[in-house]
Structure formats: structure tokens, C-alpha cells
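A.B. asks:
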Amino acid sequence: MAVQRPRRGDDLLRYRSQEGDFEVEVSHTLNKWCVSVLRLEDSSIVAQDFYPERWKAMARAQDFLRILNMRNRPGHEDEHEHDHPDDGERPAPTSAVGPGLGR
Numbered sequence: 431m432a433v434q435r436p437r438r439g440d441d442l443l444r445y446r447s448q449e450g451d452f453e454v455e456v457s458h459t460l461n462k463w464c465v466s467v468l469r470l471e472d473s474s475i476v477a478q479d480f481y482p483e484r485w486k487a488m489a490r491a492q493d494f495l496r497i498l499n500m501r502n503r504p505g506h507e508d509e510h511e512h513d514h515p516d517d518g519e520r521p522a523p524t525s526a527v528g529p530g531l532g533r
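Per the numbering used here, the very first residue in the sequence shown carries number 431; after that it's consecutive.
#1: Whose C-beta lies closer than 8 angstroms to the C-beta of residue 441 among residues of the same chain, with five residues either side of it excluded?
#2: At which residues does the beta strand (DSSP E) containing residue 478 begin and terminate?
#3: What three-state label does DSSP hand residue 498 in the structure shown?
#4: Between residue 487 and residue 445, what straight-line distance do the alpha-carbon atoms span, to the nearest angstrom?
#5: Roughly how many angstroms separate the alpha carbons of residue 454 and residue 490, rounded to a whole number?
#6: Per DSSP, residue 490 is paired with what?
#7: Judging by CA-CA distance, which residue of 498, 496, 484, 501 is the nearest neighbour of residue 463?
#8: Based on the DSSP output, what are the partners of residue 463 in its beta bridges?
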């Protein structure tokens, strides 16, 4: 005889992106935790993955939501510009020949 797992109130969680165009869903199906990213416009599944433990699924859902909320954020594309200046100035290359070794 199969034993059915008691249902918890958090077997289905949904998180909507800030722009309201995507939804990240965490559900318990087939003895695994399923993380689905849904496009609300046409109800299509963009990404889906399964995890054996709830905490892993919740962490991935938060990652997806963070990524969805970061797109189209003003200034996000310019985030790495100050790491590498585009003004063309580079330090002068150092000589591979040390003092007294090459001459």
C-alpha cells in the first residue's frame, strides 16, 4: 500500500517579476521540487528544473527571480565599464629582459 505524503501549505509558491511579465513557480511534483519560469504573456514555460530538496529549489527560484528583475534595469549594462576604462590608456609593457640580462 502506498503512503501519501501529507500536503503542506507551501507545496506551490509563485513569485512574479517586478515588470509582471514572468512568474517563477516552485511546486512539489513526482517526489521532487520543480522550479518553472513562466512567461505570462502566452503561458509558455521558459525554463524548468527539478531538485530533490526544497531549499535547493527555493534558492534557484530566487536566482531566477533576481536575474529577471535585473534585466532592463537602468545602469545595469554599465556596471562593468569602470573595471576596464575605454579611454585607450594602458600601462606600458614591461620588458621581458631584466637589467643586465639582455645586453
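Ideal Cβ positions, reconstructed from N, Cα and C, are used throughout, including at glycine.
C.D. replies: Taking the structure as given:
#1: Result list for residue 441: 457, 458, in chain order.
#2: 474-481 is the extent of the beta strand (DSSP E) around residue 478.
#3: If DSSP states are grouped into helix, strand and coil, residue 498 belongs with the helices.
#4: Pairing residue 487 with residue 445, the inter-Cα distance amounts to about 13 angstroms.
#5: The straight-line gap separating the alpha-carbon atoms of residue 454 and residue 490 is approximately 10 angstroms.
#6: The partner list for residue 490 (beta bridge, DSSP) is empty, contrary to what the question assumes.
#7: Here the closest residue by C-alpha is 484.
#8: DSSP, once it has assigned bridges, lists 458, 481 as partnering residue 463.
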